[in-house]
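Written below as structure tokens is the structure these notes are about.
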Amino acid sequence: MLRRGRAKSVKAKHKYKPSRTVYAITLTLLCIAVLVYFFWPRPEYVSVKSGVAIVDSFYSLDPSFTDEAVAFLESKGIPVDVYKDSEVTVEFYRRLPTYGYTLIILRVHAGILERDPTSPTFLFTKEPYETGKYVMEQLTEQVMSGVIDPDNPSEKPVFTVGPLFVSMSMKGRFNGSVIVLSSCLGLYNTQLAEAFIHKGAKAFISWDEKVSLQHTDRACMLLLKALIEDRVTIEEAVEKVMETVGPDQSYHSTLKYYPKEAGSLKLGL
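For what it's worth, this note's numbering labels the leading residue of the sequence shown as 1, then goes sequentially.
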């Protein structure tokens, strides 16, 4: 033990040299600390807006649905936020649950990897694909590159996010949100819907096959009015839409909801 005032008289007989094992343990602990710092989930605080979000990556192509929906919602005194075109990115999807919306309408392209009953549905962003970006998410198949028209060689790929991204990388929880995917193949199977439900959504509404933009726009507007103006249940609203517009004439797709017990819910707006 070193005593005060006598440290100068103490001479070390042997110089301590850390072993390779100590170096290895130290390096391992340092790596673990870095991984924990960057990847350990941090608390996310929900901004409770209790309104409607319209996520529209087709806005520059055809703004008619979103403009009509915004006018309708504002006439009912319901707050609505629109996220369009280049705003629809991987990071936007990542933080979507934290915004606290009661109803989220996703007017975005959606697709599957292949015609297989177990193939998951991916949501398209407007963010150009880069091989060196979101590397961890790519390695774990949370995000992938995608093109809307594979037969168009000039089309540049964008990032898409799938069910694993919803489960593993979205921040916070949806706290009872109703998700409407006004696009193709949202309920081709239940993988994407289940991911949203496990993340806190109460209901997921979408098509079971491909659908034209015009057909889903008309159906989604009717759905919105049935839920908000007529105050009917999700089951009644979906049935009313299908009775009015019917299946898509080209692809014969049907509007459905998930899970089954969500049919008795009414929108809290």
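All residues carry an ideal CB built from backbone N, CA and C; glycine is no exception.
Those residues which DSSP pairs with residue i across a bridge
i      : result
Val161 : Leu123, Val143
Gly263 : In DSSP, Gly263 forms no bridge with anything.
Val55  : Tyr83, Leu106
Val180 : Ile105, Ile205
Gly268 : In the DSSP output, where bridge partners are listed per residue, Gly268 has none listed.
Ile112 : Thr121
Pro128 : Val158
Beta carbon of residue i nearer than 8 Å to that of residue j
i      : j      : result
Met144 : Gly172 : no
Ala53  : Asp81  : yes
Lys240 : Leu269 : no
His109 : Ser183 : yes
Ile197 : Val238 : no
Leu187 : Asp208 : yes
Ser177 : Ile104 : yes
Glu155 : Val147 : yes
Phe58  : Leu213 : yes
Lys210 : Leu192 : no
Residue i versus the options, residue with shortest Cα-Cα distance
i      : options                       : result
Arg107 : Gln249, Ala226, Asp217        : Asp217
Gln249 : Asn189, Ala110, Phe72, Ala219 : Ala219
Leu227 : Ser206, Val166, Lys266        : Lys266
Gly339 : Pro259, Asp151, Ser264, Ala69 : One cannot answer for residue 339 here, as it falls past the ends of the chain, which runs 1 to 269.
Val232 : Tyr257, His215, Ser264        : Ser264
Contacts around residue i, its chain only, beta-carbon distance under 8 Å, and the 5 residues preceding and following it disregarded
i      : result
Ser47  : Any reading at Ser47 must be qualified, since the residue scores a pLDDT of 44, below 50, and its modelled position is unreliable; the value itself is stated next. Excluding sequence neighbours, Ser47 sits near Thr98, Tyr99, Gly100.
Leu270 : Summary: the structure shown does not reach residue 270, with the chain confined to residues 1 through 269, and so no result is reported for it.
Tyr83  : Ala53, Ile54, Val55, Asp56, Phe92
Cβ shell of residue i (< 7 Å), same chain only, five flanking positions each side left out
i      : result
Met242 : Thr254, Leu255
Ala262 : Lys202, Ala203, Ile234
Leu164 : Thr140, Glu141, Gln142
Three-state class that DSSP yields for residue i in the structure shown
i      : result
Leu255 : strand
Ala69  : helix
Ile197 : helix
Ser206 : strand
Ile234 : helix
Pro97  : helix
Ser270 : Not covered by the structure: residue 270. The range shown for the chain is 1 to 269.
Phe39  : In this prediction, Phe39 has a pLDDT of 47, which is less than 50 and means its spatial position is unreliable; what the coordinates show is noted afterwards. Helix, per DSSP.
Asp217 : helix
Val135 : helix
Contacts around residue i, its chain only, beta-carbon distance under 6 Å, and the 5 residues preceding and following it disregarded
i      : result
His252 : none
Phe159 : Val90, Thr125, Glu127, Tyr129, Val143
Asp149 : Glu155
Val245 : Arg218, Ala219
Ile179 : Ile104, Phe196, Ala201, Phe204
Leu35  : Note that Leu35 scores 49 on pLDDT, short of 50, meaning its location in the model is unreliable; the coordinates nonetheless yield the value given after this. Within the same chain, Leu35 has no close Cβ partners at all.
Any non-hydrogen atom of the ligand ADP closer than 7 Å to residue i Cβ
i      : result
Pro247 : You won't find the ligand ADP in this model; it holds no ligand whatsoever.
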